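> Quick one: structure below, then a few questions.
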Amino acid sequence: IQSSWNESNIVNQTSDDNRKQSGQVRIDISTIEEPIGRISEASSDQDFEQCIAITKKSFVRTGGNELSTVSSPEGSDPASTDQVTCKLQLPSPPKRQRKTKSNTENWEADFQCMHEHTGHNLEENPNSYTIGILEQLRDHYKRTQDQWRTKSYREAIAVLRNQKEYIKTAEEASKLKGIGPGISKKIEEIVQTGHLEKLDSLGTSDKVLEMFLGVYRCGPKTAEKWIQAGCRSLEDVKLWGNPSPAQLIGIELYEDLHTRISRDEVTEQYEMVKNSAQRIDPGLIVYPMGSYRRGATECGDIDIVITKENAEMPELAASLPKILQDLHQKQVIIRGPAEVGGGVDNSKWQGISKLPKPGALHRRMDILLIPWNERGAAFIYFV
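In this text, residue positions in the sequence shown follow the UniProt record's numbering: the first is 1, and each later residue adds one.
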């Protein structure tokens, strides 16, 4: 077979529009010195490989996934003509699989809000005892503001609530999505021993932590610092805890501040704040908030909101020091910085108040300033 083929004549540039549209290219084999029909007479592997190479060059990509060469005229015999047809159908690219209803219909089941949880649900759950122990540990981490552990235990508890089988071993627990290896071991410990060593060791320190968190102006970090310093009582805090002036007041008045406040007493203190505010500016409007506004018979502290029609924060903030000074002179405010406000823009005051009469107890009072156009949202938040 001769190897010198005239490749310039392979594609016939005068093919008609119909062949272009059908994705076929016309090649005139008569221009090739050696007809393809004689390929079968190749006598050596080298010649055969050469024929394959030439044939590959005869294919032309016509668009899409199809490779085409020559096409014989309609109604003619490809074997008896100088033109042949050859098509290769390439594999189509993988089609993007559509999500069907069966793939998505249960997506809501992953959300806890889509499941009914009542007291009966927990009683019927075979893991209810384990859940109860884990909830105590979760609450401990929540009090200490350990957000990551709080989140981990909350998720593990939610997973156990959805189980219909009794989870007994760490291996079984670790297979459940949302329960890590650490909590899995604790689940196994609860099942085998009926308690949790970690929770037992926190028993005493947890009570101390709660006591310290009850100190005025003491947060979780400060309470933990006192515990780490070896403090186990309020007297220990005064000696070794280096409390702030406000915290010293909280320790001194600990019993008073933890005594519930009657609704009548809240009303008396509210009326005194209202009278002082309206004496400074008759346009000021004073509201009692918190549990008092919800109708509670007793309250833990006294929350008061002050606003004024069409007033912005700068105008309200200018009135706050005068109101506090007036209350201080009436001996309603006896502890706390009566001369300044708090917050980013002096929008609040937090301190200790007391009715000016014998036998009255010290109370925590919060006074908050709210611009007129924000009062709706503030009422929702502070109620």
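Where a beta carbon is used, it is the ideal one built from N, C-alpha and C, also for glycine.
Here the structure is a predicted model, which is why all the values come from computation and not from measurement.
1. Taking just the CA atoms, how far does I133 sit from R363?
2. Which residue wins for smallest C-alpha separation from E171, given the options R154, V191, Y153?
3. Keeping to the same chain, check which residues put their C-beta closer than 7 angstroms to that of I323; ignore five residues upstream and five downstream.
4. Please work out which residues of its chain come closer than 7 angstroms, Cβ to Cβ, to R232, disregarding the five sequence neighbours upstream and downstream, and give them in chain order.
5. Do you know offhand how far E298's Cα is from M289's?
6. What residue from I367, K225, S174 has the CA that sits closest to D303's CA?
7. Measuring alpha carbon to alpha carbon, tell me which residue in D236, Q163, H195, I227 is nearest L137.
8. Contact defined as beta carbons within less than 8 angstroms: I believe V266 pairs with Y292. What is the distance between those atoms, to the nearest angstrom?
9. DSSP three-state label for R217, please.
10. Can T169 and E197 be called in contact, C-beta distance under 9 angstroms?
11. Please state the DSSP three-state secondary structure of Y254.
12. In the structure shown, what three-state DSSP assignment does G343 receive?
13. Would you mind working out which of P126, V159, P371, A296 sits nearest G283, comparing C-alpha positions?
14. Do you know whose CA, among P356, I306, G359, lies nearest A378's CA?
15. Is it buried or exposed for Y381, if we count other Cβ within 10 angstroms and need 16 for buried?
16. Take I227 as the anchor and find which of G214, I249, G241 has the nearest alpha-carbon.
17. By Cβ distance, which residues of its chain are closer than 6 angstroms to Y166, with the 5 residues on each side in sequence left out?
18. On a CA-only basis, which of L369, K348, V332 is nearest D354? Give me that one, please.
19. Mind checking who Q350 pairs with in its DSSP beta bridge?
20. Return the first residue and the last residue of the alpha helix (DSSP H) that T150 is part of.
21. Using three-state DSSP, classify V383 as helix, strand or coil.
22. Based on DSSP bridge pairs, tell me the residues matched to P288.
23. Within its chain, find whatever has a CB closer than 8 angstroms to the CB of L213; leave out the 5 residues flanking it on each side and keep chain order.
24. Could you tell me the alpha carbon to alpha carbon distance between V215 and D236, rounded to whole angstroms?
25. With 16 other CB atoms within 10 Å as the buried threshold, where does Q24 fall?
26. My understanding is that G250 touches R217, with C-beta atoms under 8 angstroms, so please give their C-beta distance in whole angstroms.
27. Measuring alpha carbon to alpha carbon, tell me which of R260, Y270, N162 ends up nearest L361.
28. Spatial neighbours of L327 within its chain, please: C-beta separation below 8 angstroms, excluding the five flanking residues on both sides.
29. Would you say E235 faces chain D, with C-beta separation under 9 angstroms as the test?
Straight from the coordinates:
1. For the purposes of this step, residue 363 is taken as the residue at position 363 of the sequence shown. For the purposes of this step, residue 133 is taken as the residue at position 133 of the sequence shown. Rounded to the nearest angstrom, the two C-alpha atoms are 35 angstroms apart.
2. Your numbering for residue 171 matches position 171 in the sequence shown. If we check each option's Cα against that of E171, V191 comes out closest.
3. The residue labelled residue 323 in the question sits at position 323 within the sequence shown. Cβ within range, chain order: S276, A277, I280.
4. Position 232 of the sequence shown, counted from the start, is the residue given in the question as residue 232. Taken in chain order, the residues that qualify are V208.
5. As a first step, residue 298 is located in the sequence shown; it is residue number 298 there, counting from the start. As a first step, residue 289 is located in the sequence shown; it is residue number 289 there, counting from the start. Their Cα atoms are separated by approximately 13 angstroms.
6. One-based indexing of the sequence shown puts residue 303 at position 303. Ranking I367, K225, S174 by Cα distance to D303 puts I367 first.
7. Indexing the sequence shown from 1 puts residue 137 at position 137. The shortest C-alpha separation from L137 is found at H195.
8. Locating residue 266 in the sequence shown gives position 266, counting from the first residue. Locating residue 292 in the sequence shown gives position 292, counting from the first residue. That belief holds up - the Cβ atoms of V266 and Y292 are roughly 5 angstroms apart, short of 8 angstroms.
9. Along the sequence shown, one-based indexing puts residue 217 at 217. The answer is coil: DSSP assigns R217 none of H, G, I, E or B.
10. Numbered from 1 along the sequence shown, position 169 holds the residue referred to as residue 169. Numbered from 1 along the sequence shown, position 197 holds the residue referred to as residue 197. Not closer than 9 angstroms, so no.
11. Translated into the one-based positions of the sequence shown, residue 254 becomes position 254. Y254 falls in the helix class under three-state DSSP.
12. Mapped onto the sequence shown, residue 343 falls at position 343. In this predicted model, G343 has a pLDDT of only 48, less than 50, meaning its place in the structure is not dependable enough to derive any value.
13. Walking along the sequence shown from the start, residue 283 turns up at place 283. Of the candidates P126, V159, P371, A296, the one whose C-alpha sits nearest the C-alpha of G283 is P371.
14. Your numbering for residue 378 matches position 378 in the sequence shown. Among P356, I306, G359, the Cα nearest to that of A378 belongs to I306.
15. Here the question's residue 381 lines up with position 381 in the sequence shown. Under this definition Y381 is an exposed residue.
16. Translated into the one-based positions of the sequence shown, residue 227 becomes position 227. Closest option to I227, Cα to Cα, is G241.
17. Within the sequence shown, residue 166 is the residue found at index 166, counting from 1. If we look at Y166 and ignore the five residues flanking it on each side, its Cβ neighbours are P126.
18. Stepping through the sequence shown from its first residue, residue 354 is reached at position 354. The question names Asp, but residue 354 is Lys in the sequence shown. Nearest of L369, K348, V332 to K354, Cα basis: V332.
19. On the sequence shown, residue 350 is found 350 positions in, with the first residue counted as 1. Beta-bridge pairing links Q350 to D366.
20. Translated into positions along the sequence shown, residue 150 becomes position 150. Start and end: 147-161.
21. In the sequence shown, the residue the question calls residue 383 occupies position 383. Here V383 sits in coil by DSSP.
22. Your numbering for residue 288 matches position 288 in the sequence shown. BP columns for P288 point to I304.
23. Start at 1 with the first residue of the sequence shown, and residue 213 comes out as number 213. So the qualifying residues of the chain are R143, G219, P220, A223.
24. Taking the sequence shown and counting its residues from 1, the one referred to as residue 215 is at position 215. Taking the sequence shown and counting its residues from 1, the one referred to as residue 236 is at position 236. Straight-line Cα distance between these residues: approximately 13 angstroms.
25. Here residue 24 is taken as the residue at index 24 of the sequence shown, counted from 1. Reliability fails at Q24, whose pLDDT of 47 lies under 50, so the model's placement of it is uncertain and the value that follows must be treated cautiously. Buried, since its Cβ has 16 or more Cβ neighbours within 10 Å.
26. As a working mapping, residue 250 is identified with position 250 in the sequence shown. As a working mapping, residue 217 is identified with position 217 in the sequence shown. Their Cβ separation, rounded to whole angstroms, is 6 angstroms, which keeps G250 and R217 in contact under 8 angstroms.
27. As a position in the sequence shown, residue 361 is number 361, starting the count at 1. Nearest of R260, Y270, N162 to L361, Cα basis: R260.
28. As a working note, residue 327 is residue 327 in the sequence shown. Excluding sequence neighbours, L327 sits near M272, V273, S276, I333, A338, S353.
29. Reference to chain D is not applicable here, since this structure consists of a single protein chain.
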